[in-house]
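Read the structure below first, then the notes.
Residue numbers (the numbering used here): 282 to 621.
As structure tokens, this is what we get:
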């Protein structure tokens, strides 16, 4: 256990068999410092001593009638190093009511001393019986084997921070494994047709697409589910057209940016000190420069007496308007907002 709770996960083990005096008669590692990595399920594990990559067990170890003890050391990977599982557990290879010479005979069977003639027909039939298709299923595989066969998520989906109506959003994930299948879910419900590792949402809409999205990746050996990602759609349209002057505008979301120019920039003014600016509200920005025709339409009849055709090269309706001051722009914006 770890902190009073049954340990669950992979741990490193070292095993040894000792006699009652503490002398080591066998140890699991073939090399000094070699460990055996075993998956522990709620404090329980299974290990085949003498197999599973450990040193072979000599039958002579169990030939005497002395009591042997299994000594176990474990490292749980919690940076506390090796600890002993105590007390050592006694081992009995055969009931000690048997005489030791019988034990020696049982342990002294040499290779080839048992022949097929010694086996009954029933035993031969069982040995040679073919494994039927489907006889071995995942239910017969332990958790340690299944862990290496079922899918593993390497990248969970992540929704963008700002999403607006009408956008196209792509959620994607990555997983490792063989013969994988995919199914996307929204708020725990399977999404029809969303069976690829990428899920594309076109013309996103707040009322239809807000929610938590997950991806389940499966194969014949199990399934894994990604961490959920929340998709929140801002109802603000990403674009807008001012119909009266056919002005295309795009939405600039709120955020933070650096205004000004670096001191190393050639020709910079003294009033361009860099500083952080935060916009708490979004706004619409013209996609292109204001044309002479658009400016004239808005400014014609203004009460400030400003020239509606200030350009040095007038009568070029599709060219940008120039020779406009900052104060002139404020009047233009005020009148444009009134028109909207």
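Just so you know, even glycine gets a beta-carbon here, dropped at the ideal spot from N, CA and C.
Rounded Cβ spacing between residue 458 and residue 424 (contact assumed at less than 8 Å):
The pair is not a contact, with the Cβ atoms about 16 Å apart (cut-off 8 Å).
Spell out whether any CB of chain B is found under 7 Å from the CB atom of residue 465.
Absent from the structure: chain B. Only one protein chain is present.
Span of the beta strand (DSSP E) holding residue 493?
Residue 493 -> beta strand (DSSP E) spans 492-500.
Inspect the beta-carbon positions of residue 516 and residue 478 and report whether they are closer than 7 Å.
no
Rounded to whole angstroms, how far is the Cβ of residue 355 from the Cβ of residue 293, which I believe are closer than 8 Å?
7 Å
Can you list, in chain order, the residues of its chain whose CB lies under 8 Å from that of residue 380, leaving out five sequence neighbours each side?
Its pLDDT being 42, under 50, residue 380 is placed unreliably in this model, and the coordinates cannot settle the point.
To the nearest angstrom, report how far apart residue 586 and residue 480 are at their CA atoms.
56 Å
Using alpha carbons as the reference points, say which of 363, 520 and 539 lies closest to residue 559.
If we check each option's Cα against that of residue 559, 539 comes out closest.
Measuring CB to CB, does residue 510 end up less than 7 Å from residue 441?
no
So, is residue 573 buried or exposed, given that buried needs 16 or more other C-beta atoms within 10 angstroms?
buried
At least 3 beta-carbon pairs within less than 8 Å: the stretch 529-536 vs the stretch 553-569:
yes
Beta-ladder partner(s) of residue 301, from DSSP
Partner(s): none; residue 301 has no beta bridge.
Which residues DSSP lists as bridging residue 479, in chain order
453
So, for residue 398: in the same chain, excluding its five sequence neighbours on each side, which residues have a beta-carbon less than 8 Å away from its beta-carbon?
So the list is empty, once near-sequence residues are dropped.
Mind checking residue 288: buried by the 16 CB within 10 Å criterion, or exposed?
buried
Taking the alpha-carbon positions, what's the residue 330 to residue 310 distance?
Taking C-alpha positions only, residue 330 is separated from residue 310 by approximately 11 Å.
My output table needs one value for residue 406: the three-state DSSP class, helix, strand or coil.
Helix.
Quick check on residue 594: buried or exposed, where buried means 16 or more other Cβ atoms within 10 Å of its Cβ?
Around the beta-carbon of residue 594, fewer than 16 other beta-carbon atoms lie within 10 Å, marking it exposed.
Assuming residue 360 contacts residue 336 (C-beta within less than 8 Å), just tell me the rounded distance between them.
Between residue 336 and residue 360 the Cβ distance is about 28 Å, and since that is not below 8 Å, they are no contact.
For residue 351, which beta-bridge partners are listed by DSSP?
298 and 370
Once you ignore the five residues that flank residue 376 on each side, which residues in its own chain have a CB closer than 6 Å to its CB?
A caution first: residue 376 carries a pLDDT of 46, below 50, which makes its placement in the model unreliable, though a value can still be read off. Taken in chain order, the list of residues that qualify is empty.
Residue interval of the beta strand (DSSP E) (run including residue 565)
564-567
Bridge partners of residue 325, per DSSP?
322
Which residues share a DSSP beta bridge with residue 461?
Note: residue 461 sits in no beta bridge, so no partner.
Is the beta carbon of residue 349 closer than 7 Å to that of residue 298?
yes
Output the distance between the C-alpha atoms of residue 395 and residue 321, rounded to the nearest integer angstrom.
38 Å
Start and end of the beta strand (DSSP E) containing residue 557?
556-560
Can you tell me which of the three DSSP states residue 385 falls into?
Note that residue 385 has pLDDT 47, beneath the 50 cutoff, so the model's placement of it is unreliable and the number below is only indicative. Here residue 385 sits in helix by DSSP.
Kindly indicate which residue of 443, 319, 546 and 508 has the alpha-carbon position closest to the one of residue 534.
443
I need the straight-line Cα distance from residue 518 to residue 564, nearest angstrom please.
11 Å
Assess, as a yes-or-no matter, whether the stretch 542-557 is touched by the stretch 496-512 under the definition of 3 or more beta carbon pairs within less than 8 Å.
With the cut-off at 8 Å, the stretch 496-512 and the stretch 542-557 do not touch.
What whole-angstrom Cβ distance do residue 463 and residue 476 have, given they're in contact under 8 Å?
5 Å
For residue 347 and residue 385, the rounded distance between their alpha carbons:
Because the pLDDT at residue 385 is just 47, under 50, the model does not fix this residue reliably, and the point stays unresolved.
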